[in-house]
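K.L.:
Submitted below is the structure of interest, expressed as structure tokens.
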Amino acid sequence: MRPVKVAVIGAGPAGIYAADILTKEHESATVDVYDRLPAPYGLVRYGVAPDHPRIKEIVKALRRVLSGDRLRFIGNVDFGTDITFEQLRKHYDAVVFATGAMADRPLDIPGIDKKGSHGAADFVSWYDGHPDVPREWPLDAESVAVIGAGNVALDVARMLAKPADEQLTTEIPANVYEGLKANRVKDVHVFARRGPAHLKFSPMEFRELSHSPSVDVVMTEEGFEIDDAGQAAIQAAKSTKLVVDTLLKYLEKEPTGAPHRIHLHLMQAPVEVLGDESVTGLRTEVMQYNGDGTVSGTGEFKEWDVQAVYRAVGYLSSPLEGLPFDHATGTIPHEAGRVIEDGAPKEAAYVTGWIKRGPVGLIGHTKSDAKETIESLMADLEALPAPAGSPDELLAELRAAGVDLTLFDEWERLDAHEMALGEAEGRERIKVVSREDMIAAGRATAAEAAATA
Ligand SMILES: Cc1cc2nc3c(=O)[nH]c(=O)nc-3n(C[C@H](O)[C@H](O)[C@H](O)COP(=O)(O)OP(=O)(O)OC[C@H]3O[C@@H](n4cnc5c(N)ncnc54)[C@H](O)[C@@H]3O)c2cc1C
Ligand SMILES: NC(=O)c1ccc[n+]([C@@H]2O[C@H](COP(=O)([O-])OP(=O)(O)OC[C@H]3O[C@@H](n4cnc5c(N)ncnc54)[C@H](OP(=O)(O)O)[C@@H]3O)[C@@H](O)[C@H]2O)c1
């Protein structure tokens, strides 16, 4: 096998697993993993909720990969702004795109753009300290609607309902703690358009909803309908049965009188966000089963008195400059990980993770994605024309063009700095939020870092 140099764009789990598999399967492969941020790990760092530290532990395994001999992390380089496919192709044998998703899928109902109507992804980016979003978040509503019945809706409902001080053991930065401290939310209403057997919650995350002593989970029998397709789903998947069992427990449980409540509403589809300029309510339509797991409206409507609406109806990937994009699915068209442009594979271009498959699935699922993509890349290698330049020439070109790229040792110093900030307060970590501060912490000398921690 000839030596091969590969660029991976996106240092989330999909990109890191692709780099891992490639360097393990090809003894002389070297891989540069680029990210637009100075920190790696994608949605593990900027999606997984701060009160899920156990899941965030996966970064330890991802770090082991990134610190490998034949891998480099190159941060603060935005594909499409700082670097193009043609540039990469000139210096690498192949490019794997693993840019994931960061935006909200739109929800096309009247009033969705009113003040107080938010995308879940934006709220997640705020509470997870993403450098590219505003530092303040309005939390002045007492009653809030969350639309959607997936795990992101659960994260959002929990983060809205839980008091700030319960979050103070986590890695949240000071601006997020202050924002949550000012939170006036008492009631969070979660709306699922389907019934118990078609919720997309993971059983453990769903049970966890009631773990805060400050939060009651409240529901009534309304909408507790299971059609034949639902019965079949319960028989087919243990996780579905566990979610339904948990719902039944919530149904039976008497509220404890906790100061915050999460209300679960089933078979209610959102049809309009109400209000003049700002949100004053949500109108939903009561749904009925069609017999195959799908639902349609009954013509009966309800109005809910809420002052903010969060849509958690799925994430959405963004198109990448110079690459094909399917706007309906929000993915790059591919066959077994080979990017398909105008009906044929685009030379040396591959795709993996959420940008390949769509924004569904857990961290672990990106491993099998990466495996398929790297198998295709390995099968094509001998036929790929060797690049004219080298990765180091490209880094020199980028620096000369003023791109302030960051390397793995800078991330390691930033990582250590965040952990030192946390240790001082008896926490695992406190995140640094602004891009400038992230870069500065990565470049501080050991003495400076000790002085600021
Ligand atoms: C809110 C939320 C919570 C979640 N919680 C869990 C959980 O608890 N457990 C679980 O198993 N799964 C969870 N998931 C799912 C999990 O995060 C995904 O399965 C996984 O992160 C997808 O990996 P990815 O690498 O494809 O994308 P991402 O994780 O999105 O990584 C993509 C990377 O590409 C970079 N990038 C994007 N565009 C560019 C560009 N133009 N140039 C350079 N770099 C770029 C991004 O900065 C990012 O680092 C959660 C998802 C969300 C949305
Ligand atoms: N802790 C964790 O493990 C964790 C945390 C967060 C995210 N994740 C994972 O990340 C992925 C993305 O999660 P997600 O919650 O964004 O997506 P998701 O699991 O696809 O859930 C989206 C929800 O939005 C609903 N929805 C979509 N369009 C709607 C509309 N027009 N009106 C009303 N409801 C609508 C869907 O209902 P229908 O089913 O009826 O379409 C579904 O309930 C998932 O695989 C999830 O498991 C995991």
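Once you know that position 375 of the sequence shown is 372 in our numbering, the rest is easy, because the numbers rise by one and skip nothing. Built from N, CA and C at the ideal position, the CB exists for glycine as well. As the structure is a computational prediction, the values presented were derived from the model and not from experiment.
(1) Using the C-alpha atoms, what's the distance from Thr166 back to Tyr174?
(2) Quick one: Cα of Gly311 to Cα of Gly7, how far?
(3) For Met99, which of helix, strand or coil comes out of DSSP?
(4) Quick check: what's the CA-CA separation for Arg60 versus Asp412?
(5) To which residues of the same chain is Gly340 closer than 7 Å at the C-beta, ignoring the five residues directly before and after it?
(6) Just verifying my parser: in three-state terms, what is the DSSP assignment at Val187?
(7) For Ala154, which residues from the same chain have a beta carbon less than 6 Å from its beta carbon, with the 5 sequence-adjacent residues on both sides left out?
(8) Determine the DSSP secondary structure at His262, reduced to helix, strand or coil.
(9) Any heavy atom of ligand 1 closer than 8 Å to the beta-carbon of Met99?
(10) Can you give the Cα-Cα distance for Met435 and Gly108, rounded to whole angstroms?
(11) Could you spell out the range, first to last residue, of the beta strand (DSSP E) harbouring Arg308?
(12) Any heavy atom of ligand 2 closer than 8 Å to the beta-carbon of Ile352?
(13) Using the Cβ count rule (16 or more neighbours within 10 Å means buried), how would you classify Phe82?
(14) Kindly indicate which residue of Leu248, Gly254, Val283 and His257 has the alpha-carbon position closest to the one of Gln265.
(15) Could you name the residues of the same chain whose beta carbon sits closer than 8 Å to that of Met416, not counting the 5 residues immediately before and after it, in chain order?
(16) Along the alpha helix (DSSP H) that carries Asp17, what are the first and last residues, could you check?
(17) Please look up how many angstroms separate the CB atoms of Ile55 and Ile360, rounded, as I've assumed it's under 8 Å.
(18) Cβ of Leu381 within 9 Å of Cβ of Glu344?
(19) So, for Gly39: in the same chain, excluding its five sequence neighbours on each side, which residues have a beta-carbon less than 7 Å away from its beta-carbon?
(20) Quick check on the burial criterion: 16 or more other C-beta atoms within 10 angstroms. Buried or exposed for Glu24?
(21) With Val56 as the anchor, note down where its beta strand (DSSP E) starts and where it stops.
(22) Closest to Lys183 by CA distance: which of Leu320, Thr277 and Ala158 is it?
(23) Which residue's Cα is closest to the Cα of Gly350: Ile13, Gly147 and Met(-2)?
(24) Hey, is Arg33 close to ligand 1, as in C-beta under 8 Å from one of its heavy atoms?
(25) Rounded to whole angstroms, how far is the Cβ of Val41 from the Cβ of Val3, which I believe are closer than 8 Å?
(26) With DSSP as the reference, label Lys87 as helix, strand or coil.
(27) Consider the C-beta atom of Ile371 and the heavy atoms of ligand 2; say whether any pair is separated by less than 8 Å.
(28) Using three-state DSSP, classify Gly419 as helix, strand or coil.
(29) Out of Arg86, His324 and Glu269, which one is the CA nearest neighbour of Pro384?
(30) Count the other CB atoms, across all protein chains shown, that sit within 10 Å of the CB of Leu245; report buried if there are 16 or more and exposed otherwise.
(31) Exposed or buried, Arg181, counting other C-beta atoms within 10 Å across all chains shown (16 or more means buried)?
(32) Among residues of its own chain, excluding the 5 on either side of Ala16, which ones have a beta-carbon nearer than 7 Å to its beta-carbon?
(33) If you follow the beta strand (DSSP E) that Gly176 is part of, which residue opens it and which one closes it?
(34) Under DSSP, the alpha helix (DSSP H) around Pro388 begins and ends at which residues?
(35) Please classify Met201 as buried or exposed, where buried requires at least 16 neighbouring CB atoms within 10 angstroms.
(36) Measure from the alpha carbon of Val240 to the alpha carbon of each residue in His195, Asp289 and His208, then state which is nearest.
P.N.:
Considering the structure as presented:
(1) In the sequence shown, counting from the first residue as 1, residue 174 sits at position 177. In the sequence shown, counting from the first residue as 1, residue 166 sits at position 169. Each residue's Cα considered, the two are about 11 Å apart.
(2) What you label residue 311 is simply residue 314 of the sequence shown in a count that begins at 1. What you label residue 7 is simply residue 10 of the sequence shown in a count that begins at 1. Roughly 20 Å separates the two Cα atoms.
(3) Reading the sequence shown from its first residue, position 102 is the one you call residue 99. Three-state DSSP puts Met99 in coil, outside helix and strand.
(4) Position 63 of the sequence shown, counting from 1, holds the residue named residue 60. Position 415 of the sequence shown, counting from 1, holds the residue named residue 412. Each residue's Cα considered, the two are about 11 Å apart.
(5) One-based indexing of the sequence shown puts residue 340 at position 343. Nothing listed; no residue qualifies.
(6) The residue labelled residue 187 in the question sits at position 190 within the sequence shown. Three-state DSSP puts Val187 in a strand.
(7) Residue numbering aside, residue 154 sits at position 157 when the sequence shown is read from its first letter. Closer than 6 Å at Cβ, skipping near neighbours: Val143, Val185, Val187 and Ile259.
(8) By 1-based counting over the sequence shown, the position of residue 262 is 265. Strand.
(9) The residue you call residue 99 lines up with position 102 of the sequence shown. Yes, the beta carbon of Met99 sits closer than 8 Å to at least one heavy atom of ligand 1.
(10) Counting from 1 along the sequence shown, the entry for residue 435 is found at position 438. Counting from 1 along the sequence shown, the entry for residue 108 is found at position 111. Cα to Cα, the separation comes out at about 37 Å.
(11) Sequence index remark: in the sequence shown, residue 308 carries index 311 (1-based). Arg308 -> beta strand (DSSP E) spans Ala305 to Arg308.
(12) Numbered from its first residue, the sequence shown carries residue 352 at position 355. No, ligand 2 has no heavy atom inside 8 Å of this Cβ.
(13) As a first step, residue 82 must be located in the sequence shown, where it is residue number 85. Buried, by the Cβ-count rule.
(14) Along the sequence shown, one-based indexing puts residue 265 at 268. If we check each option's Cα against that of Gln265, Val283 comes out closest.
(15) Counted from its first residue, the sequence shown places residue 416 at position 419. Only Glu425 and Arg426 meet the Cβ criterion.
(16) Taking the first residue of the sequence shown as 1, we reach residue 17 at position 20. Element bounds for Asp17: Pro10 to Glu22.
(17) Along the sequence shown, read from residue 1 onward, the residue named residue 55 stands at position 58. Along the sequence shown, read from residue 1 onward, the residue named residue 360 stands at position 363. About 6 Å separates the two Cβ atoms, so the contact holds.
(18) By one-based count along the sequence shown, residue 381 stands at place 384. By one-based count along the sequence shown, residue 344 stands at place 347. Against a cut-off of 9 Å, the Cβ pair of Glu344 and Leu381 comes out as a contact.
(19) As a working mapping, residue 39 is identified with position 42 in the sequence shown. These residues qualify, in order along the chain: Gly7, Ala8, Gly9, Pro10 and Gly97.
(20) Residue mapping note: residue 24 aligns to position 27 of the sequence shown, counting from 1. Burial call: exposed.
(21) Locating residue 56 in the sequence shown gives position 59, counting from the first residue. No beta strand (DSSP E) contains Val56, which is instead part of the alpha helix (DSSP H) from Val56 to Leu63.
(22) Residue mapping note: residue 183 aligns to position 186 of the sequence shown, counting from 1. Measuring from the Cα of Lys183, the nearest candidate turns out to be Ala158.
(23) Within the sequence shown, the letter at position 353 stands for residue 350. Ranking the options by Cα distance to Gly350, first place goes to Ile13.
(24) Position 36 of the sequence shown, counting from 1, holds the residue named residue 33. Yes - ligand 1 has a heavy atom lying nearer than 8 Å to the Cβ of Arg33.
(25) Position 44 of the sequence shown, counted from the first residue, corresponds to residue 41. Position 6 of the sequence shown, counted from the first residue, corresponds to residue 3. Wrong, their Cβ atoms sit about 22 Å apart, outside the cutoff.
(26) Translated into positions along the sequence shown, residue 87 becomes position 90. Of the three classes helix, strand and coil, the one that applies to Lys87 here is helix, per DSSP.
(27) Within the sequence shown, the letter at position 374 stands for residue 371. No; taking the cut-off as 8 Å, the Cβ of Ile371 has no heavy atom of ligand 2 nearer than that.
(28) Numbered from 1 along the sequence shown, position 422 holds the residue referred to as residue 419. It is helical.
(29) As a first step, residue 384 must be located in the sequence shown, where it is residue number 387. Comparing Cα positions, the closest option is Arg86.
(30) In the sequence shown, the residue the question calls residue 245 occupies position 248. Per the 10 Å Cβ criterion, exposed.
(31) Sequence index remark: in the sequence shown, residue 181 carries index 184 (1-based). When all chains shown are included, Arg181 counts as exposed.
(32) Sequence index remark: in the sequence shown, residue 16 carries index 19 (1-based). Result list for Ala16: Val5, Val28, Val30, Val62 and Leu68, in chain order.
(33) Position 179 of the sequence shown, counting from 1, holds the residue named residue 176. That residue, Gly176, is in no beta strand (DSSP E); its alpha helix (DSSP H) goes Ala171 to Lys178.
(34) The sequence position of residue 388 within the sequence shown is 391, counting from 1. Per DSSP, Pro388 belongs to the alpha helix (DSSP H) from Pro388 to Ala397.
(35) The residue given as residue 201 occupies position 204 in the sequence shown. The residue in question, Met201, is exposed, as its Cβ has fewer than 16 Cβ neighbours within 10 Å.
(36) Here residue 240 corresponds to residue number 243 of the sequence shown, with the count starting at 1. Among His195, Asp289 and His208, the Cα nearest to that of Val240 is on His195.
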